[in-house]
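To keep things clear, I will list the structure first and then write my remarks on it.
Residue numbers (my numbering), protein chains in the order written: chain W, 338 to 452; chain Z, 47 to 156.
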């Protein structure tokens with residue numbers, strides 16, 4: 338088991354461009370989360386999937402953001418028409434859903450810089 | 047703003063104990079967590095405590111929970127240079143959501 342992997346590690350883009358990030362969770366995990374972390378802050382919840390179903394989206398996730406998990410395995414997060422305020426670390430996490438004490442395992446993140 | 051609050055910085059001498067403090071707001075939180083983040087890396091789960099406990103020890107780590115005051119602390123015994131990192135406190139708000147603090151940057155000096 339190689340843990341949660343994210344690609345790319347770094348992305349620099351110009352304002353207005355579209356970007357897509359990928360996350361590969363731990364293989365037996367049925368839940369997958371996206372969090373956003375800005376400098377000097379803790380991670381903030383964006384959205385999560387249970388298998389292929391997207392069950393919750395934060396109000397932080399504007400219409401320019403879309404996430405998919407088509408086969409219940411890897412996930413992609415797309416940001417359309419990027420803005421400078423989108424610059425952040427985008428973290429993916431996965432877990433095995435439990436009634437109590439679900440533990441999240443995080444990837445190393447994708448650092449997005451919008452110029 | 048965040049519901050979980052932490053002091054921003056802690057400097058500690060190698061070999062001493064570190065104590066990182068956190069306050070949270072949701073009294074119904076069932077589990078509270080400590081995560082560690084090293085530069086350029088994701089978050090690593092260090093330890094957690096269930097809300098009906100007041101202490102948990104795991105090797106060099108001791109977690110204390112004061113549920114009445116909604117105060118959580120993490121003590122690292124015999125702090126080493128490899129313990130230099132950002133430490134995040136998090137509370138479980140519901141079935142799917144964690145709320146994180148802004149993190150405490152721990153610097154270990156020789």
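Beta carbons are placed, not taken as given, at the ideal position from N, Cα and C, and that holds for glycine.
Quantities reported herein were computed from a predicted structural model and do not represent experimental measurements.
For residue i, the three-state DSSP class (helix, strand or coil)
{"i": "residue 141 (chain Z)", "result": "coil"}
{"i": "residue 423 (chain W)", "result": "helix"}
{"i": "residue 127 (chain Z)", "result": "helix"}
{"i": "residue 60 (chain Z)", "result": "coil"}
{"i": "residue 82 (chain Z)", "result": "strand"}
{"i": "residue 350 (chain W)", "result": "strand"}
{"i": "residue 434 (chain W)", "result": "coil"}
{"i": "residue 441 (chain W)", "result": "coil"}
Cβ-based burial, residue i [other Cβ within 10 Å; buried from 16]
{"i": "residue 47 (chain Z)", "result": "Here residue 47 (chain Z) scores only 39 on pLDDT, less than 50, and its place in the model is too uncertain to base an answer on."}
{"i": "residue 353 (chain W)", "result": "exposed"}
{"i": "residue 101 (chain Z)", "result": "exposed"}
{"i": "residue 63 (chain Z)", "result": "exposed"}
{"i": "residue 136 (chain Z)", "result": "buried"}
{"i": "residue 423 (chain W)", "result": "buried"}
{"i": "residue 386 (chain W)", "result": "buried"}
{"i": "residue 88 (chain Z)", "result": "buried"}
{"i": "residue 52 (chain Z)", "result": "buried"}
{"i": "residue 414 (chain W)", "result": "buried"}
{"i": "residue 440 (chain W)", "result": "exposed"}
{"i": "residue 345 (chain W)", "result": "exposed"}
{"i": "residue 351 (chain W)", "result": "exposed"}
{"i": "residue 404 (chain W)", "result": "buried"}
{"i": "residue 343 (chain W)", "result": "buried"}
{"i": "residue 426 (chain W)", "result": "buried"}
{"i": "residue 435 (chain W)", "result": "exposed"}
{"i": "residue 82 (chain Z)", "result": "buried"}
Per DSSP, the bridge partner or partners of residue i
{"i": "residue 375 (chain W)", "result": "According to DSSP, residue 375 (chain W) bridges with nothing at all."}
{"i": "residue 51 (chain Z)", "result": "Z:69"}
{"i": "residue 119 (chain Z)", "result": "Z:67, Z:110"}
Residue range of the beta strand (DSSP E) that includes residue i
{"i": "residue 451 (chain W)", "result": "447-451"}
{"i": "residue 94 (chain Z)", "result": "89-96"}
{"i": "residue 113 (chain Z)", "result": "Residue 113 (chain Z) -> no beta strand (DSSP E), and no H or E assigned at all."}
{"i": "residue 103 (chain Z)", "result": "101-104"}
{"i": "residue 150 (chain Z)", "result": "150-155"}
{"i": "residue 342 (chain W)", "result": "342-344"}
Heavy atom of the ligand GDP within 7 Å of residue i beta-carbon
{"i": "residue 118 (chain Z)", "result": "With respect to small molecules bound, the structure shown includes none, and the ligand GDP cannot be examined in it."}
For the segment 352-418 of chain W, list the beta strand (DSSP E) runs that are entirely contained and at least 3 residues long, ordered along the chain.
356-361, 368-374, 381-387, 390-394, 402-405, 412-416
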